[in-house]
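Here the protein sequences come in this chain order: B and Z.
Per my numbering, residue 366 is the first one in the first sequence, and the count goes up by one each step.
Per my numbering, residue 366 is the first one in the second sequence, and the count goes up by one each step.
There are 2 protein chains.
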Amino acid sequence: MASVTKSKKSASVKTATSAGYAGTPQRIVLRSIELFNRHGIQNVAIDRIASDLKISPGNLTYHFKRKDDLIRATLDILKERLRVALQRPVAVSSAQDGAEYLIQVFRTFWDFRFFFNSLAYLLTDDRQLRKEYAQFNQWALDIMVADVEFLVELGHFRAPVEPNNFRLLSENIWGQLLHWLRLQQIESPSASTPPNAAIYDAALHLWSLCHLWMKPAFATELLRAFQALLIPERLAKTVAIRTPRKDR
Amino acid sequence: MASVTKSKKSASVKTATSAGYAGTPQRIVLRSIELFNRHGIQNVAIDRIASDLKISPGNLTYHFKRKDDLIRATLDILKERLRVALQRPVAVSSAQDGAEYLIQVFRTFWDFRFFFNSLAYLLTDDRQLRKEYAQFNQWALDIMVADVEFLVELGHFRAPVEPNNFRLLSENIWGQLLHWLRLQQIESPSASTPPNAAIYDAALHLWSLCHLWMKPAFATELLRAFQALLIPERLAKTVAIRTPRKDR
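Put into C-alpha cells, the structure is as follows:
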C-alpha cells in the first residue's frame, strides 16, 4: 500500500536525477512538468516557466535553448517513469497484485497527463517523436498482452476467441486510459494529485472492459481489491448493509 | 450502402442550411470546419479563414465578430449532424442494420473530429460549453444504453452481470471512439475523407469491446457485415482461403 500512496514529487525528483538532470536543469524540468500538466503544453511559454521559478529567461535558455528542448527533457523523465511503472520485476499473479500494479500505473500516467493530453499537438508535425511514441506504445502493449496471457495460464482469464485477441483488448485499454486522462484535465485542470475517486473511476472502466474476459472469481476479487485500496469507506458501507442488523 | 458512402460536403451543406446558415455565413462556417479538422482549432486564426475564402477579414467579422462566435456556429452544425447520425427512426435490430448505422456514426464523428480532438482546449475554461457537452454526452450514452438493452430483448446481447452495466460499456465505447479520432488526426491530419480501412479499424475495436457481450452468432454476423461494407476484398480473400482448392 505504501507504494500506492507515495509522494509524486520525491518519485519525480528521483527519476530526474537518474535521467541525468540535477541542480537548476532539474528544477526547470520538474516545474515545467507541473505547469504543463496544469495549463497544457501549448499554453506555457518559456518566459512563464522562468518567472515561475524566479530565474531569468537567459538562465533558462542557457540550459534549454528552445521550448522543444525542454519538452524533450520532460519526455526523458516521462519515459523512464512509465517504463518503471509498467515493467515489474515479478509478473502479476493475484487480483491484489493486479490492483496495486494498475493503481500505480494510473497514478504515473496521471503525473504525466500533459503528454497524453497533447498527443495530437506534439506528434502531428514531429515525425521523430511520432516514431518514438509508436515504439513506446508497442512496447507497452506487448507488456499488457504478455500480462493477460500469463493470467490465462494461471486460469484467471479466458483464452481469446478469434478473431478477437488480447492486442485489441490492450489497445482498447490504452484508449480508455487516455480518455480518462483527458476527462481529468477537463474536470480538474489544476489538481496536483488525483483523488482516489478519480483513480477508482479509471479502475472501474478498465474492470468493465476486462470483466467478461475474467473468470468470475477473479473478476470479483479484482473489483474488491480496487475498492479496498481506493474507496474503503464504500466497501465498509456495502459490508454494513449486507450484514444483518442484530439491533432490529 | 448508398448512405454509407454519401458525400460529406452535401450533408454538411444541408445541415448548415437547416441550422440557419446560408450564403456567406454558411460558406464561412463550412470552410472553418474543414480548416479546423485539418489544422486543429488552436492553429487556425480568423484571418487565415478569410484569406482562404478570399474575403476580407472585415467581411468575416461582420458575420462572426470573434473566433468564439465562429466556433459556436460550427458546433451548432456538429450538434445537429450528430443528433441525426445517432438518433434513428427505427431501432437497430439486425447485425446488418447495426453495421450500417455504426459506420455512419463513425463517419459523422470523423467529419467533426476537430471538436473531439480539441475537447480539453475547448472545455477546460468554458463552463457553459462543458455543461452542454456533458448534456450531449449523456444524451448519446442514453441512446447507446437503450440500443444495447433492445439487443438484449432480441436475444443478440447478454444481459449485464452486476456491477458491470451498459453504462460502463457505453462510456468505454465513447472513449474508444474519441481515441480513434485522435489517432486519425495524428496519422492523417490532412485527409478529407476517412479511408474505409480507418473506419474498419474503429469498427473492429468497437466489435472487440462488445464481443463477449454478444451472442456468438450475432458477433459473427456483425463482423461479417463490417467486412462486407468496408473491406469486401479482404472478405473475398478469406473466403477464397477457406474454400478448398480443386486444382491441387
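The C-beta atom is built at its ideal place from N, Cα and C for all residues, glycine as well.
This structure is a prediction, so every number in the text was calculated from the model and none was measured.
Determine, for residue i, whether the minimum Cβ-Cβ distance to residues of chain Z falls below 8 Å.
i      : result
R599/B : no
N529/B : yes
T489/B : yes
E586/B : no
N537/B : yes
G385/B : no
L638/B : Summary: the structure shown does not reach residue 638/B, with chain B confined to residues 366 through 613, and so no result is reported for it.
L534/B : yes
L451/B : no
L543/B : yes
Could you confirm whether any beta carbon from chain B is found closer than 8 Å to the beta carbon of residue i?
i      : result
G540/Z : yes
S573/Z : yes
A485/Z : yes
T578/Z : Per the sequence presented here, residue 578/Z reads as Trp, with Thr not at that position. By this cut-off, W578/Z is an interface position.
R495/Z : yes
T551/Z : Contrary to the premise, residue 551/Z reads as Ile rather than Thr in this sequence. Yes, contact with chain B.
L594/Z : no
F471/Z : no
N482/Z : yes
R547/Z : yes
Q554/Z : Reading off the sequence shown, one finds Pro at residue 554/Z, where the question assumed Gln. Cβ-Cβ to chain B under 8 Å: yes for P554/Z.
L519/Z : no
L440/Z : no
L447/Z : no
L569/Z : yes
So is residue i buried or exposed if we call it buried at 16+ other beta carbons inside 10 Å?
i      : result
G520/Z : exposed
A511/B : exposed
R619/Z : The question about residue 619/Z has no answer here: the residues shown for chain Z are numbered 366 through 613.
R472/B : buried
Q391/Z : buried
T489/B : buried
P597/Z : exposed
S553/B : exposed
S557/B : exposed
S483/Z : buried
D433/B : exposed
Roughly how many angstroms lie between the CA atoms of residue i and residue j, to the nearest whole one?
i      : j      : result
F474/Z : H428/Z : 26 Å
R446/Z : G385/B : 51 Å
S535/Z : Q541/Z : 10 Å
P357/B : L548/Z : Absent from the model: residue 357/B. The displayed extent of chain B is 366 to 613, so no value can be given.
I398/B : N424/B : 18 Å
P559/B : Q550/B : 11 Å
L595/B : A464/B : 10 Å
C575/B : W578/Z : 11 Å
D412/B : R396/B : 13 Å
E497/B : F480/B : 13 Å
L546/Z : S573/Z : 17 Å
S555/Z : A563/B : 35 Å
R589/B : R431/Z : 51 Å
T585/B : P525/B : 20 Å
V513/Z : V457/Z : 9 Å
D417/Z : T426/Z : 14 Å
N561/B : R599/B : 12 Å
I420/B : A387/B : 16 Å
F591/Z : K580/B : 29 Å
A415/B : D462/Z : 57 Å
A593/Z : Y565/Z : 10 Å
R437/Z : F515/B : 50 Å
N408/B : Q407/Z : 11 Å
L435/Z : I442/B : 39 Å
Return the Cβ separation of residue i and residue j in integer angstroms, given the expectation that the two are a contact with Cβ distance under 8 Å.
i      : j      : result
L506/Z : R532/Z : 7 Å
T439/B : V394/B : 6 Å
G405/B : A485/Z : 7 Å
L467/B : A568/B : 6 Å
A460/B : L587/B : 4 Å
F401/B : K444/B : With 8 Å as the limit, F401/B and K444/B do not qualify as a contact, their Cβ atoms being about 15 Å apart.
H544/B : H544/Z : 6 Å
I508/Z : Q452/Z : 7 Å
Proximal residues, the stretch 396 to 409 of chain B versus chain Z, C-beta separation under 8 Å: Within the stretch 396 to 409 of chain B, the residues whose Cβ lies closer than 8 Å to any Cβ of chain Z are, in chain order, G405 and Q407.
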